[in-house]
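S.K.: Top to bottom, those sequences are chains U and Z.
Here the numbering used here is used: the first residue of the first sequence is 88, the next is one more, and so on.
Here the numbering used here is used: the first residue of the second sequence is 88, the next is one more, and so on.
Note that the Cβ used here is the ideal one computed from N, Cα and C, for glycine as well.
Sharing a structure here in structure tokens format.
2 protein chains.
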Amino acid sequence: MSTRNPKLALFAQFAAVAKSLAHAHRLELLEQLAQGERSVEVLADRTRLSIANASQHLQHMRRAGLVANRREGKFVYYRLIDDSILDLMAALRRIAERNVAEVERVIRSYFHNRDSLEPISRAELLQRSRTGEVTILDVRPEDEFALGHLPGAVNMPLRELEKRLAEFDPAQEIVAYCRGPYCVLSYEAVAVLRARGFKARRLEDGLPEWRAAGLPVVTDAA
Amino acid sequence: MSTRNPKLALFAQFAAVAKSLAHAHRLELLEQLAQGERSVEVLADRTRLSIANASQHLQHMRRAGLVANRREGKFVYYRLIDDSILDLMAALRRIAERNVAEVERVIRSYFHNRDSLEPISRAELLQRSRTGEVTILDVRPEDEFALGHLPGAVNMPLRELEKRLAEFDPAQEIVAYCRGPYCVLSYEAVAVLRARGFKARRLEDGLPEWRAAGLPVVTDAA
DNA sequence: CAGTCATTCAATCATTTTATTGAATAAGAT
DNA sequence: ATCTTATTCAATAAAATGATTGAATGACTG
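Set out below in structure tokens:
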């Protein structure tokens with residue numbers, strides 16, 4: 088850890104932080120953590136990792152100072168150390184998106200034509216929701232919704248969406264959001280809604296970014 | 088490269104970008120590149136890597152979209168793809184600085200007491216330099232100075248500093264800068280100047296950040 | 001206190017990454 | 001053309017990292 092050259096030692100520290108980001112599974116864990124605190128078990132389940140493996144990745148990130156944990160009874164809950172982690176991930180994403188051709192290919196093949204899913208900005212949504220012009224749709228699972236959601240949002244996990252289309256006002260535009268810029272749920276929700284003739288768009292990014300922008304978040308009382 | 092799960096594939100791309108940052112030598116190369124274009128030979132020399140090794144690290148970063156290169160005659164010149172790389176490095180540094188105790192230790196042991204070297208902000212320097220109150224001192228090597236420096240700056244590489252102290256006006260405060268927040272040169276310059284009774288401070292960060300902030304940079308005609 | 005559950009630890013194996021070496025290219029220079 | 005110089009490539013050896021397994025820990029429950 089301690090090199091003879093102090094500048095190199097310093098860069099080695101920065102590299103250690105970068106290294107703990109430099110793994111698909113760990114980024115996935117961070118995406119989950121961006122929603123809020125989670126136990127190891129839940130994280131392992133959502134990312135389809137074994138418990139032991141998830142635990143090790145989480146500890147790795149803890150040592151690097153990306154996440155923190157606390158024990159409560161039998162469970163250990165992990166959380167992001169603070170919102171600067173979101174900044175770091177956003178900077179990473181910006182570069183990956185801009186520069187790596189492969190990313191574009193993946194985005195395109197998965198999200199079909201991304202352009203037709205132009206998102207609405209946070210500022211615009213905030214303004215239009217004040218005048219009651221839009222229906223805000225949160226397509227995340229119920230437990231994530233309960234932990235925090237946009238004011239006035241309706242929670243309808245993707246699986247229920249098709250059954251509950253009657254609840255929407257066909258005259259209003261629907262803005263769907265989910266976990267973040269690469270959460271699939273809201274893309275799929277918009278696709279379903281449009282197929283049924285609704286006017287629907289995605290919100291740019293997702294809840295963690297909304298919260299990080301200092302905008303209001305509603306938490307259900309426990 | 089292509090996982091069955093598209094979200095994971097996407098994260099794997101982001102991870103690839105992070106991975107190419109996650110190495111002390113590569114961060115060092117990037118710090119050099121933040122100054123401007125450099126040939127492989129110069130980069131290898133400055134970072135004390137073998138040519139082949141430097142070349143491989145540079146190619147790795149090129150594949151990840153962090154740097155670009157061009158051939159001119161016998162030389163291959165590398166450069167940062169754009170300033171978003173500086174943002175990424177800054178985000179990394181912020182987290183490493185805040186969260187990793189080891190970094191503090193390294194900074195302290197190397198820079199002694201950092202607090203006594205409180206830097207001056209870019210805004211303040213800009214303002215005070217307009218009224219001619221300060222001497223701006225660039226302590227980088229001459230070739231880097233020639234490629235771009237702050238308006239009105241005097242170039243005096245560290246080695247020459249002690250011999251040329253007579254050139255300074257003892258009544259004026261001296262603001263030293265160099266390559267960036269972890270470039271050692273300006274710290275040392277301030278230490279030397281203060282020991283000789285001059286009023287001296289560092290500029291926050293360094294030239295790449297000054298340039299990235301959209302502030303004026305002077306290039307010597309070739 | 002024994003039992004159960006969530007998490008971590010330790011050991012192992014497989015995989016990936018890094019540095020080094022010497023040969024291969026590519027572009028002037030003689 | 002041949003020589004020289006700058007860079008890249010290819011092969012190898014050394015080191016680090018990741019996943020899996022089963023045992024160990026810590027904390028609640030009956």
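1) In whole angstroms, what separates the C-alpha of K106 of chain Z from that of R217 of chain U?
2) Any contact of the region 100 to 114 of chain Z with the region 270 to 288 of chain U, i.e. 3+ C-beta pairs under 8 Å?
3) Does DSSP put I261 of chain Z in a helix, a strand or coil?
4) Assign I172 of chain U to buried or exposed, taking buried as 16 or more other Cβ atoms, counted over all protein chains shown, within 10 Å of its Cβ.
5) So with Cβ pairs under 8 Å, would you call F98 of chain Z a contact of chain U?
6) Rounded to a whole number of angstroms, what is the C-alpha to C-alpha distance between L234 of chain Z and A121 of chain Z?
7) Within its chain, find whatever has a CB closer than 7 Å to the CB of Y164 of chain Z; leave out the 5 residues flanking it on each side and keep chain order.
8) Hey, could you find the ends of the beta strand (DSSP E) V221 of chain Z is sitting in?
9) State the Cα-Cα distance for the pair I207 of chain Z and D225 of chain Z, rounded to the nearest angstrom.
10) Near A300 of chain U, what residues of its chain come up, given a Cβ to Cβ distance below 7 Å and the 5 sequence neighbours on each side ignored?
11) Can the beta-carbon of V279 of chain U be found less than 8 Å from the beta-carbon of H236 of chain U?
12) Output yes if chain U places a C-beta closer than 8 Å to the C-beta of R181 of chain Z; else output no.
13) With H, G and I counted as helix, E and B as strand and the rest as coil, what does DSSP make of V277 of chain U?
14) Restricting to Cα atoms, I'd like to know which of Z:Q259, Z:A282, Z:K250, Z:W297 is closest to G267 of chain Z.
15) Would you say E128 of chain Z faces chain U, with C-beta separation under 8 Å as the test?
16) Name the chain Z residues whose beta carbon is nearer than 8 Å to that of S171 of chain U?
17) Please check if any C-beta of chain U sits within less than 8 Å of the C-beta of L108 of chain Z.
18) In whole angstroms, what separates the C-alpha of S89 of chain U from that of A96 of chain U?
19) Quick check: what's the CA-CA separation for E220 of chain Z versus Q259 of chain Z?
20) Let me see if you follow: with CB-CB separation under 8 Å, is A299 of chain Z close to chain U or not?
21) Looking at A183 of chain Z and Q143 of chain U, is the spacing between their C-beta atoms short of 8 Å?
22) So, are the CB atoms of A263 of chain U and A282 of chain U less than 8 Å apart?
23) Could you name the residues of the same chain whose beta carbon sits closer than 7 Å to that of A276 of chain Z, not counting the 5 residues immediately before and after it, in chain order?
24) Do the CB positions of T134 of chain U and L117 of chain U come within less than 8 Å of each other?
25) Quick one: Cα of E211 of chain Z to Cα of P257 of chain Z, how far?
26) Bridge partners for S208 of chain Z per DSSP, in chain order?
27) Please go through the same chain and pick out, in chain order, the residues whose beta-carbon is closer than 8 Å to the beta-carbon of R91 of chain U, but skip the five residues on each side of it.
28) Name the one or two DSSP bridge partners that R289 of chain U has.
29) Is DSSP giving M88 of chain Z helix, strand or coil here?
30) Can you grab the Cα-Cα spacing for the pair L302 of chain U / E205 of chain U, in whole Å?
31) Are the beta-carbon atoms belonging to L175 of chain U and L108 of chain U less than 8 Å from one another?
32) With DSSP collapsed to three states, give me the class of V154 of chain Z.
33) What does the Cβ neighbour count give for I261 of chain Z, buried or exposed, with the cut at 16 atoms within 10 Å?
34) Using the three-state DSSP reduction, which class does H236 of chain Z fall into: helix, strand or coil?
35) Give me the Cα-Cα distance between A131 of chain Z and R113 of chain Z, rounded to the nearest whole angstrom.
36) Return the bridge partner residues of F162 of chain Z from the DSSP annotation.
M.R.: If we stick to the structure as given:
1) In the second sequence, counting from the first residue as 1, residue 106 of chain Z sits at position 19. In the first sequence, counting from the first residue as 1, residue 217 of chain U sits at position 130. So the alpha carbons of these two residues sit roughly 43 Å apart.
2) no
3) For this step, residue 261 of chain Z is matched to residue 174 along the second sequence. Three-state DSSP puts I261 of chain Z in a strand.
4) Position 85 of the first sequence, counted from the first residue, corresponds to residue 172 of chain U. It is buried - the Cβ of I172 of chain U has at least 16 other Cβ atoms within 10 Å.
5) For the purposes of this step, residue 98 of chain Z is taken as residue 11 along the second sequence, with counting starting at 1. Yes - at least one Cβ of chain U is within 8 Å of the one on F98 of chain Z.
6) Here residue 234 of chain Z refers to the residue found at position 147 when the second sequence is read from its first residue. Here residue 121 of chain Z refers to the residue found at position 34 when the second sequence is read from its first residue. One C-alpha to the other measures close to 12 Å.
7) As a first step, residue 164 of chain Z is located in the second sequence; it is residue number 77 there, counting from the start. E124, R125, S126, N156, R157.
8) Here residue 221 of chain Z corresponds to residue number 134 of the second sequence, with the count starting at 1. Run containing V221 of chain Z: 221 to 225, per the beta strand (DSSP E) assignment.
9) Position 120 of the second sequence, counted from the first residue, corresponds to residue 207 of chain Z. Position 138 of the second sequence, counted from the first residue, corresponds to residue 225 of chain Z. C-alpha of I207 of chain Z to C-alpha of D225 of chain Z: approximately 14 Å in a straight line.
10) Reading the first sequence from its first residue, position 213 is the one you call residue 300 of chain U. Within the same chain, A300 of chain U has close Cβ partners R209.
11) For this step, residue 279 of chain U is matched to residue 192 along the first sequence. For this step, residue 236 of chain U is matched to residue 149 along the first sequence. Not a contact, by the Cβ cut-off of 8 Å.
12) Translated into the one-based positions of the second sequence, residue 181 of chain Z becomes position 94. Yes, R181 of chain Z lies at the interface with chain U (some Cβ there is under 8 Å from its Cβ).
13) Within the first sequence, numbered from 1, the residue matching residue 277 of chain U stands at position 190. Reduced to three states, the DSSP call for V277 of chain U is helix.
14) As a working mapping, residue 267 of chain Z is identified with position 180 in the second sequence. Residue Z:W297 is the option with its Cα nearest to G267 of chain Z.
15) For the purposes of this step, residue 128 of chain Z is taken as the residue at position 41 of the second sequence. For E128 of chain Z, the answer is no, since every Cβ of chain U falls outside 8 Å of its Cβ.
16) On the first sequence, residue 171 of chain U is found 84 positions in, with the first residue counted as 1. The answer, in chain order, is A178, R181, I182, R185.
17) Looking up residue 108 of chain Z in the second sequence gives position 21. Chain U contact via Cβ: present.
18) Counted from its first residue, the first sequence places residue 89 of chain U at position 2. Counted from its first residue, the first sequence places residue 96 of chain U at position 9. Only weak support exists for where S89 of chain U lies, its pLDDT of 39 falling under 50; the value from the coordinates is given anyway. The alpha-carbon atoms of S89 of chain U and A96 of chain U are separated by roughly 6 Å.
19) Position 133 of the second sequence, counting from 1, holds the residue named residue 220 of chain Z. Position 172 of the second sequence, counting from 1, holds the residue named residue 259 of chain Z. Distance between the alpha carbons of E220 of chain Z and Q259 of chain Z is about 6 Å.
20) Here residue 299 of chain Z refers to the residue found at position 212 when the second sequence is read from its first residue. At least 8 Å separates the CB of A299 of chain Z from every CB of chain U.
21) Stepping through the first sequence from its first residue, residue 143 of chain U is reached at position 56. Stepping through the second sequence from its first residue, residue 183 of chain Z is reached at position 96. No.
22) Position 176 of the first sequence, counted from the start, is the residue given in the question as residue 263 of chain U. Position 195 of the first sequence, counted from the start, is the residue given in the question as residue 282 of chain U. Against a cut-off of 8 Å, the Cβ pair of A282 of chain U and A263 of chain U comes out as no contact.
23) Counting from one through the second sequence, the residue named residue 276 of chain Z turns up at place 189. The residues are L224, V226, L245, L248, A263.
24) By one-based count along the first sequence, residue 134 of chain U stands at place 47. By one-based count along the first sequence, residue 117 of chain U stands at place 30. No, the Cβ-Cβ distance between T134 of chain U and L117 of chain U is not below 8 Å.
25) For the purposes of this step, residue 211 of chain Z is taken as the residue at position 124 of the second sequence. For the purposes of this step, residue 257 of chain Z is taken as the residue at position 170 of the second sequence. Linking E211 of chain Z to P257 of chain Z through their CA atoms gives a straight-line distance of about 20 Å.
26) To locate residue 208 of chain Z, count along the second sequence from 1; it is residue 121. S208 of chain Z has no beta-bridge partner at all, per DSSP.
27) On the first sequence, residue 91 of chain U is found 4 positions in, with the first residue counted as 1. Caution applies to R91 of chain U, whose pLDDT of 49 falls short of 50 and renders its modelled position unreliable; the value that the coordinates give is listed next. Once the five neighbours on either side are set aside, R91 of chain U has no close Cβ partner at all.
28) Here residue 289 of chain U is taken as the residue at index 202 of the first sequence, counted from 1. For R289 of chain U, which the question treats as bridged, DSSP gives the partners U:A263.
29) What you label residue 88 of chain Z is simply residue 1 of the second sequence in a count that begins at 1. Because M88 of chain Z sits at a pLDDT of 41, beneath the cut-off of 50, its placement in the model cannot be relied upon, and the point is left open.
30) Within the first sequence, the letter at position 215 stands for residue 302 of chain U. Within the first sequence, the letter at position 118 stands for residue 205 of chain U. L302 of chain U and E205 of chain U: Cα-Cα distance of roughly 21 Å.
31) Locating residue 175 of chain U in the first sequence gives position 88, counting from the first residue. Locating residue 108 of chain U in the first sequence gives position 21, counting from the first residue. Yes; because the gap between Cβ atoms is below 8 Å, this pair is in contact.
32) Sequence index remark: in the second sequence, residue 154 of chain Z carries index 67 (1-based). Three-state DSSP puts V154 of chain Z in a strand.
33) Counted from its first residue, the second sequence places residue 261 of chain Z at position 174. Buried.
34) Reading the second sequence from its first residue, position 149 is the one you call residue 236 of chain Z. Strand at H236 of chain Z.
35) Position 44 of the second sequence, counting from 1, holds the residue named residue 131 of chain Z. Position 26 of the second sequence, counting from 1, holds the residue named residue 113 of chain Z. If you take the alpha carbons of A131 of chain Z and R113 of chain Z, they lie about 11 Å apart.
36) Residue 162 of chain Z sits at position 75 when you count from the first residue of the second sequence. According to DSSP, F162 of chain Z bridges with Z:E159.
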